[in-house]
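S.K.: Under this note's numbering, the letters of the sequence shown match residues 635 to 962, in that order.
Each residue gets a CB set at the ideal place from its N, CA and C atoms; glycine is no exception.
Since the structure is predicted, the reported quantities are computational estimates derived from the model, not experimental observations.
Attaching a single structure in structure tokens format; questions to follow.
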Amino acid sequence: MEFLAYRVKKVDEKFVGKVEQINANDLPQGDVLIKVAYSSLNYKDGLSAVGNPGVTRKFPHIPGIDAAGVVAESTSPKFKPGDEVIVTGYDLGMNTDGGFAQYCRVPVGWVVPLPKGLSLKESMIFGTAGFTAGLCVHQLIHNGLSPDKGPVLVTGATGGVGSIAVAILAKLGFHVTASTGKSEQHEFLKQIGAKEIISREDAQVETSKPLLKEQWAGVVEAVGGKTMEHVIRTTKYMGSIASCGLVGGPDFVTNVFPFILRGVNLLGVDSVQCPMNLRLAIWEKLSSQWKPDNLEILVSTITLDGLDAAIKQILQGKIKGRTLVEPR
Ligand SMILES: NC(=O)c1ccc[n+]([C@@H]2O[C@H](COP(=O)([O-])OP(=O)(O)OC[C@H]3O[C@@H](n4cnc5c(N)ncnc54)[C@H](OP(=O)(O)O)[C@@H]3O)[C@@H](O)[C@H]2O)c1
């Protein structure tokens, strides 16, 4: 069987992506062959497509850490042809060919049945970014955050993780402050539920002071670096920070005072190896109580041909909301 895929090859030390015809025999071994209805673009796909060795070492390679579609073949009794399924994370799109193709083949342990309250399209409007936003919200609530505790800051707010986090938190009645580098997107952030907006610079203040004025009951922190340094110093007594991203850099300098004087919780979030029981619980929430009413305004749609341009944009931090990929 032949089908289309966006495949990246290493040519003269450069990484070049191209839509080409490939054969199902070229896909990796696995239990479940999925006819992909939608994938989505995440920051990590950008890194994979430009050969970041922390993400992908094996080329030629089909990126795409997300896929949703219909089971075409299954050697596992857990799934049968026709079942609607989601795959996000694990090794998909990293060193295993991913969702930027009309078919993908994966181990059965990676496959999540599509929850009742979601369409395949909606599941990929969430995709890994939305699932990660869900994990952040779960971690914050699990550690005591509630709307009466005060404002919640979302950093990198117009990005994939950020925009879905804003929308979920607003739906749950939190007072959301969005930090963004895109002054032209304030209206978009308000539309999806932000009550206040601060600039990226205001969430990055550099200081040698160990503590700053308490502001946030909770933080969804998708940026890292100087932004993390700021939010650790400004989180309220017993507040929590869910750390999930590094677009602003992986390193940060801190001190123990926010932790030992304010009881601030720094919580890690990993969507890749997230255990299946928690994974299913988060998808269930995303399909019901946490599902934003305005999912469609978060998304723009491209086909495989649009990936080159969209990958450049996401690597420059220029994407707004989520980018759905229809593998046509
Ligand atoms: N832990 C996990 O399991 C997990 C899962 C998914 C994603 N992630 C990570 O989370 C981060 C966000 O992913 P995403 O898919 O949402 O990416 P994205 O759509 O590109 O969003 C990132 C946003 O961060 C802001 N930004 C970009 N460059 C920046 C810079 N140099 N300094 C400060 N802010 C910057 C921009 O928003 P504004 O213009 O609004 O500021 C940008 O839209 C990435 O680091 C990704 O690797 C982690």
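#1: Measuring CA to CA, which of G651, I945, I936 and D836 is closest to S813?
#2: Considering Cα atoms alone, identify which of A915, E707 and D731 is closest to Y640.
#3: So what does DSSP say about M635, is it helix, strand or coil?
#4: Just to confirm, is the Cβ distance from V740 to E718 under 7 Å?
#5: With 16 as the cutoff for other CB atoms within 10 Å, does A943 come out buried or exposed?
#6: For the structure I just gave you, are there three or more beta carbon pairs, one from the segment 800-819 and one from the segment 767-775, closer than 8 Å?
#7: Are there any heavy atoms of ligand 1 lying less than 6 Å away from the beta-carbon of S833, as far as the coordinates show?
#8: Which first and last residues belong to the alpha helix (DSSP H) in which E863 is found?
#9: Three-state secondary structure (DSSP) at Q825?
#10: What I want to know is whether the C-beta of V881 ends up closer than 6 Å to one or more non-hydrogen atoms of ligand 1.
#11: How would you label Y672, buried or exposed, when you count the other beta carbons within 10 angstroms and need 16 or more for buried?
#12: Taking just the CA atoms, how far does Y724 sit from V742?
#13: Taking F649 as the reference, give the member of L638, I668, S934 and L681 with the closest Cα.
#14: Put D646 into one of helix, strand or coil per three-state DSSP.
#15: Take R691 as the anchor and find which of A735, E707, N729 and M910 has the nearest alpha-carbon.
#16: If you follow the beta strand (DSSP E) that E918 is in, where does it begin and where does it stop?
#17: By the 10 Å Cβ neighbour count, where 16 or more other Cβ atoms means buried, how is P961 classified, buried or exposed?
#18: Ignoring anything shorter than 3 residues or poking outside the segment 657-721, list the beta strand (DSSP E) runs there in chain order.
#19: Would the beta-carbon of C878 be found less than 6 Å away from any heavy atom of ligand 1?
#20: Would you mind working out which of P749, I866, Y871 and F891 sits nearest E855, comparing C-alpha positions?
#21: Exposed or buried, which one is K843 when buried takes at least 16 other CB atoms within 10 Å?
#22: Around the Cβ of T957, are there at least 16 other Cβ atoms within 10 angstroms (buried) or fewer (exposed)?
#23: Note the first and the last residue of the continuous alpha helix (DSSP H) segment covering L900.
#24: Check the DSSP bridge columns for A876 and list the partner residues they point to.
#25: Please identify the residue among I798, P781, N676 and A735 whose C-alpha is closest to the C-alpha of L929.
#26: Please classify K952 as buried or exposed, where buried requires at least 16 neighbouring CB atoms within 10 angstroms.
#27: Can you give the Cα-Cα distance for A683 and V642, rounded to whole angstroms?
#28: Do you know how far the Cα of G815 is from the Cα of G790?
#29: If you measure from the CB of Y677, is any heavy atom of ligand 1 nearer than 6 Å?
#30: For S797, report the span of its alpha helix (DSSP H) as first-last.
#31: Roughly how many angstroms separate the alpha carbons of V898 and S833, rounded to a whole number?
#32: Helix, strand or coil for R896, going by three-state DSSP, please let me know.
#33: Mind pulling the beta strand (DSSP E) runs of 3 or more residues that sit fully within the segment 723-758?
#34: Would a C-beta distance cut-off of 7 Å place A851 and K870 closer than the cut-off?
M.R.: Let's see:
#1: In the sequence shown, residue 813 corresponds to position 179, counting from 1. For S813, the closest alpha carbon among the candidates G651, I945, I936 and D836 is that of D836.
#2: Indexing the sequence shown from 1 puts residue 640 at position 6. Checked all of A915, E707 and D731; the closest Cα to Y640 is D731.
#3: Residue 635 sits at position 1 when you count from the first residue of the sequence shown. The answer is coil: DSSP assigns M635 none of H, G, I, E or B.
#4: By one-based count along the sequence shown, residue 740 stands at place 106. By one-based count along the sequence shown, residue 718 stands at place 84. Not in contact: V740 and E718 (Cβ atoms no closer than 7 Å).
#5: Looking up residue 943 in the sequence shown gives position 309. With a threshold of 16 other beta carbon atoms within 10 Å, A943 falls short and is exposed.
#6: The answer is yes - the segment 767-775 touches the segment 800-819, with three or more Cβ pairs under 8 Å.
#7: Indexing the sequence shown from 1 puts residue 833 at position 199. For ligand 1, not one heavy atom lies less than 6 Å from the Cβ of S833.
#8: Within the sequence shown, residue 863 is the residue found at index 229, counting from 1. Bounds of the alpha helix (DSSP H) holding E863 are G859 to T868.
#9: On the sequence shown, position 191 is the one that residue 825 refers to. The answer is helix: DSSP assigns Q825 an H, G or I state.
#10: Translated into the one-based positions of the sequence shown, residue 881 becomes position 247. Within the cutoff, so yes.
#11: Working through the sequence shown from its first residue, we reach residue 672 at position 38. Around the beta carbon of Y672, 16 or more other beta carbons lie within 10 angstroms, which makes this residue buried.
#12: Translated into the one-based positions of the sequence shown, residue 742 becomes position 108. Translated into the one-based positions of the sequence shown, residue 724 becomes position 90. Here the alpha carbons of Y724 and V742 stand approximately 12 Å from one another.
#13: Residue 649 sits at position 15 when you count from the first residue of the sequence shown. Taking the Cα of F649 as reference, the smallest distance to any Cα among L638, I668, S934 and L681 is reached at L681.
#14: The residue you call residue 646 lines up with position 12 of the sequence shown. Collapsing the DSSP output to three states places D646 in coil.
#15: Counted from its first residue, the sequence shown places residue 691 at position 57. Closest option to R691, judged by alpha-carbon separation, among A735, E707, N729 and M910: N729.
#16: As a first step, residue 918 is located in the sequence shown; it is residue number 284 there, counting from the start. Not the beta strand (DSSP E): E918 falls in the alpha helix (DSSP H), residues M910 to L920.
#17: Taking the sequence shown and counting its residues from 1, one reaches residue 961 at position 327. Per the 10 Å Cβ criterion, buried.
#18: Entirely contained in the segment 657-721, the beta strand (DSSP E) runs reaching 3 residues are, in chain order, 666-675 and 700-708.
#19: Counting from one through the sequence shown, the residue named residue 878 turns up at place 244. Within the cutoff, so yes.
#20: Locating residue 855 in the sequence shown gives position 221, counting from the first residue. Ranking the options by Cα distance to E855, first place goes to I866.
#21: The residue given as residue 843 occupies position 209 in the sequence shown. Exposed, because fewer than 16 other Cβ atoms sit within 10 Å of the Cβ of K843.
#22: Within the sequence shown, the letter at position 323 stands for residue 957. Within 10 angstroms of the beta-carbon of T957 lie 16 or more other beta-carbons, which makes it buried.
#23: Along the sequence shown, read from residue 1 onward, the residue named residue 900 stands at position 266. Premise fails: L900 lies in the beta strand (DSSP E), N899 to G902, not in any alpha helix (DSSP H).
#24: Position 242 of the sequence shown, counting from 1, holds the residue named residue 876. Within the DSSP bridge table, the entry for A876 names V854 and L901 as partners.
#25: Looking up residue 929 in the sequence shown gives position 295. When I798, P781, N676 and A735 are compared, the shortest CA-CA separation from L929 is found for I798.
#26: Your numbering for residue 952 matches position 318 in the sequence shown. Taking every protein chain shown into account, the CB of K952 has fewer than 16 other CB atoms within 10 angstroms, so this residue is exposed.
#27: To locate residue 683, count along the sequence shown from 1; it is residue 49. To locate residue 642, count along the sequence shown from 1; it is residue 8. Cα to Cα, the separation comes out at about 6 Å.
#28: Residue mapping note: residue 790 aligns to position 156 of the sequence shown, counting from 1. Residue mapping note: residue 815 aligns to position 181 of the sequence shown, counting from 1. Cα-Cα distance, rounded: 8 Å.
#29: Here residue 677 corresponds to residue number 43 of the sequence shown, with the count starting at 1. Taking 6 Å as the cut-off, the C-beta of Y677 counts as close to a heavy atom of ligand 1.
#30: To locate residue 797, count along the sequence shown from 1; it is residue 163. Per DSSP, S797 belongs to the alpha helix (DSSP H) from G794 to K805.
#31: On the sequence shown, position 264 is the one that residue 898 refers to. On the sequence shown, position 199 is the one that residue 833 refers to. Roughly 23 Å between the two C-alpha positions.
#32: Translated into positions along the sequence shown, residue 896 becomes position 262. In this structure, R896 counts as helix in the three-state DSSP scheme.
#33: Fully enclosed beta strand (DSSP E) runs of no fewer than 3 residues occupy 737-740 of the segment 723-758, in order along the chain.
#34: Looking up residue 851 in the sequence shown gives position 217. Looking up residue 870 in the sequence shown gives position 236. Yes, Cβ-Cβ distance for A851 and K870 is below 7 Å.
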